[in-house]
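Trainee: Attaching a single structure in structure tokens format; questions to follow.
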Amino acid sequence: MTQSYEQLTRKLVDTGLRLSYDIADTINSTPRTERVGSMESKLKVGVEAQWAKKSDVMAENIAIRYLRNLSEQIERKIIMVVDPRSGRTFEVGNYTRNDPIYCENDSIDGTKILDGFGNDQERGIYRLGSNGHYGTATAFTMPTKKDVKDVAVGDFEVSVMIEANPTVHRTHPTSAAAWRDEAGDIGTYENNRKYGDFYKLRMSSQTNFSKSVAILDFFSAFDETSAVEGMKELAWNAYKRLSDRNGGGAFDVCRSYALTSDLLAELFERADGNIEPRGTARVSINEHLGNLVPMYPIIRGAGGSIVDFEGNDAGGKKISEKRQNFVASSNDAIKNHILGQLRGI
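Right under this line is the structure:
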């Protein structure tokens, strides 16, 4: 079956949205204490595969089901990225064509919000009371002959994020979908689930960093398995500079455990009115390249950029590369200001 670029793109966007909404509906309708526990995962490695969180596995199985259906529709194999550094993947579909589609899927972004941590199960206590914010993210390449180790962040042209447990009254976009049109231009849109409409999203036009909010994601700077020497000091120094609103920093800084919810709440708003988001940037240290994949086309499609601390565009980074440090910003003025603040730390 031959499909046009536009037809294939629409199928990828539709699949990303439908599997995300199905995950949200399933998880949200499951009693909280029934989401706690461990199961074996097809999409994790090592010990994590044997003792994966139950909510993660529930969501992964939903994603696999939708991707299997997509593979049958487009008659092409879907390769889910598991561990690009080792080359481990999970293949969906039995098609033998040599131009599969790669999929980066974070079925549950914010697992600890659903599963809790420090639980005392002997006493029947689950410490998962929280703001309830979690999300899902799925990104696709177009058909490619690349090996997984050679796939770059910028090769993922279609991306979908949703906030899986949004507020009753809308205060920010609860979803974002990005794709390229046939002319090669990328756009980012909020999906109205009820009516199926799409609304163009934009980032802030604010160029004064001290009049905006920044997301500082330094969580992984303190990771005992992946953080290298000096990473903690880098995080402390970056926080000092970027949180000093009277010395070149943002008006305020924030971070929530679920990356997807953070991005949607702080950095985007619909482009059809006079309301803009208060946030202008997200700065991350020791970032897993897989985390960048779904956000890269969404931020680019809304007018922003993602660069490393040296100013190099993240799109050229291979997903198999080691963890790095990045700045996602709404415009060049904010990007250049932050890079200046970080210089020399």
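Under my numbering, the first residue of the sequence shown carries the number 238, and numbering increases by one thereafter.
Using N, Cα and C, we set each Cβ at its ideal position, and we do this for glycine too.
This structure is a prediction, so every number in the text was calculated from the model and none was measured.
(1) Just to confirm the assignment, what range does the beta strand (DSSP E) spanning TYR426 have?
(2) Is the beta carbon of ASP454 less than 8 Å from the beta carbon of SER521?
(3) For GLY510, tell me which candidate among ARG519, ALA464, LYS437 has the shortest Cα-Cα distance.
(4) Less than 8 Å between the beta carbons of ILE338 and ALA296, yes or no?
(5) Ends of the alpha helix (DSSP H) at LEU579?
(6) So VAL530 is in the beta strand (DSSP E); what residue range does that whole segment cover?
(7) Exposed or buried, which one is ILE301 when buried takes at least 16 other CB atoms within 10 Å?
(8) Going by DSSP, what residues sit across from ARG417 in a beta bridge?
(9) Within the same chain, show all residues whose beta-carbon is closer than 6 Å to that of PRO403, passing over the 5 residues directly before and after it, in chain order.
(10) Pairing CB atoms from the segment 552-567 with CB atoms from the segment 374-394, are three or more of them under 8 Å?
(11) For a quick check, are the C-beta atoms of LEU496 and ASP346 less than 8 Å apart?
(12) Can you tell me the Cα-Cα spacing of GLU394 and GLU419, whole angstroms?
(13) Kindly indicate which three-state DSSP category MET440 falls into: helix, strand or coil?
(14) Which class does GLU328 belong to by DSSP, given the choice of helix, strand or coil?
(15) Three or more C-beta pairs closer than 8 Å, one from the segment 316-336 and one from the segment 353-372: is that the case here?
(16) On the three-state DSSP scale, how would you describe ASN523?
(17) Between the segment 262-276 and the segment 312-332, are three or more C-beta pairs nearer than 8 Å?
(18) Taking the C-alpha atoms as reference points, what is the distance between ARG629 and ARG515?
(19) Give the DSSP-derived three-state secondary structure of TYR494 in the structure shown.
(20) Helix, strand or coil for ARG507 per DSSP?
(21) Considering only the beta carbon of each residue, do TYR303 and ILE399 sit closer than 8 Å?
(22) Is LYS281 helix, strand or coil when you go by DSSP?
(23) Pick out whichever of PRO268, SER542, ARG417 has its Cα sitting closest to the Cα of SER241.
(24) Which residues bound the alpha helix (DSSP H) around SER257?
(25) Would you mind reading off the limits of the beta strand (DSSP E) that contains ASP336?
(26) Helix, strand or coil for ILE301? Go by DSSP, reduced to three states.
Mentor: In short:
(1) 423-428
(2) yes
(3) LYS437
(4) no
(5) 569-579
(6) Unbroken run through VAL530 is the alpha helix (DSSP H), 526-538; no beta strand (DSSP E).
(7) buried
(8) ILE423
(9) THR411
(10) yes
(11) yes
(12) 12 Å
(13) coil
(14) strand
(15) no
(16) strand
(17) no
(18) Because the chain in this structure spans residues 238 to 582, residue 629 falls outside the shown range and cannot be described.
(19) coil
(20) strand
(21) no
(22) coil
(23) ARG417
(24) 242-265
(25) Per DSSP, ASP336 belongs to no beta strand (DSSP E) and is neither H nor E.
(26) helix
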